[in-house]
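Participant:
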Amino acid sequence: MQKSISLPVLFCLLFVIIISIILIGTVSVAAAEKAEINGSFEKGDKVFTDPAEEVEEEFVDFFNYDRLWLRYKKTFANNDYFWLKGTYYNRVYDVREIYDSLALSLDGNYTFNSSERWRNRVKFHLKDKDYAISPQKSYHVYRIAYQLDFARDDLNDYTFYLQRQWNNYQNSPDKDYYANRISLNWSRDLTEKLSIEAKIQYDEQIHTLNSASTDKFGKKFAINFKYRL
Numbered sequence: 030m031q032k033s034i035s036l037p038v039l040f041c042l043l044f045v046i047i048i049s050i051i052l053i054g055t056v057s058v059a060a061a062e063k064a065e066i067n068g069s070f071e072k073g074d075k076v077f078t079d080p081a082e083e084v085e086e087e088f089v090d091f092f093n094y095d096r097l098w099l100r101y102k103k104t105f106a107n108n109d110y111f112w113l114k115g116t117y118y119n120r121v122y123d124v125r126e127i128y129d130s131l132a133l134s135l136d137g138n139y140t141f142n143s144s145e146r147w148r149n150r151v152k153f154h155l156k157d158k159d160y161a162i163s164p165q166k167s168y169h170v171y172r173i174a175y176q177l178d179f180a181r182d183d184l185n186d187y188t189f190y191l192q193r194q195w196n197n198y199q200n201s202p203d204k205d206y207y208a209n210r211i212s213l214n215w216s217r218d219l220t221e222k223l224s225i226e227a228k229i230q231y232d233e234q235i236h237t238l239n240s241a242s243t244d245k246f247g248k249k250f251a252i253n254f255k256y257r258l
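Reminder that position 153 of the sequence shown reads as 182 in the numbering used here, one-by-one numbering, no gaps.
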């Protein structure tokens, strides 16, 4: 059965990672307006039962989990900011041990203004999920995204979004795939009370090797509205 990392060691590991990245950053500490570190620790369990029994539900399984995250955020005098977030999630089953898993992830976001009307966001996500007893299910995720916000005037806003993600399975390379997403969003205030939003989006998921899984392609168009009573 998979063992959990002790909390003191985990706190130290995440803190060292975050601080190390900050220290090698290119932005001067003196330029920062404010900085903060926040986090959360959660411990719990979930029980699975079969309601087929008339008198008493039959026990099926349960798992215990530990979830911990730490985030460092720095905001600069010009309202640009960046943050880094490390997450630890461990899940241990009592019966179905093949689902025991340990996930570690690191997320980042750097937001900066090109001008008063142009705002840029660069985001990334790294994740490693390990199944101790079912290594064929273990995988890595790498995702990078760019978002550009443009305020044309006080009424019209545009958002362009571009994302690329890679999923790699260490012991099942035929499951490897990459996914792309591109979207364009427009929002406008028609009146003081009524606003609308339109979005067009294209997605694709393509496997890198011959696979039993199918490639997927999709597109959508949506219109939303909000009326303030």
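Backbone N, C-alpha and C define an ideal beta-carbon position, used for all residues, glycine too. Computed from a predicted structure; not experimentally measured.
1) Which value, in whole angstroms, describes the spacing of the CA atoms of residue 142 and residue 189?
2) Between residue 200 and residue 165, how many whole angstroms is the CB-CB distance? I'm expecting something under 8 Å.
3) In terms of DSSP beta bridges, what is residue 172 paired with?
4) Quick one: is residue 115 buried, meaning 16 or more other Cβ sit within 10 Å of its Cβ, or exposed?
5) Would residue 221 and residue 181 qualify as a contact pair, given that the criterion is a beta-carbon distance under 9 Å?
6) DSSP state of residue 221, grouped into three classes?
7) Do the segment 122-137 and the segment 154-163 make contact, defined as three or more Cβ pairs closer than 8 Å?
8) Can you check which of these residues, 170, 186, 138, is closest to residue 193 by C-alpha distance?
9) Can you look up residue 126 in the DSSP assignment and give me helix, strand or coil?
10) List the residues that DSSP assigns as beta-bridge partners of residue 90.
Facilitator: The structure says:
1) 15 Å
2) 5 Å
3) 154, 194
4) buried
5) no
6) coil
7) yes
8) When each option's Cα is compared against that of residue 193, the closest is 170.
9) helix
10) 77
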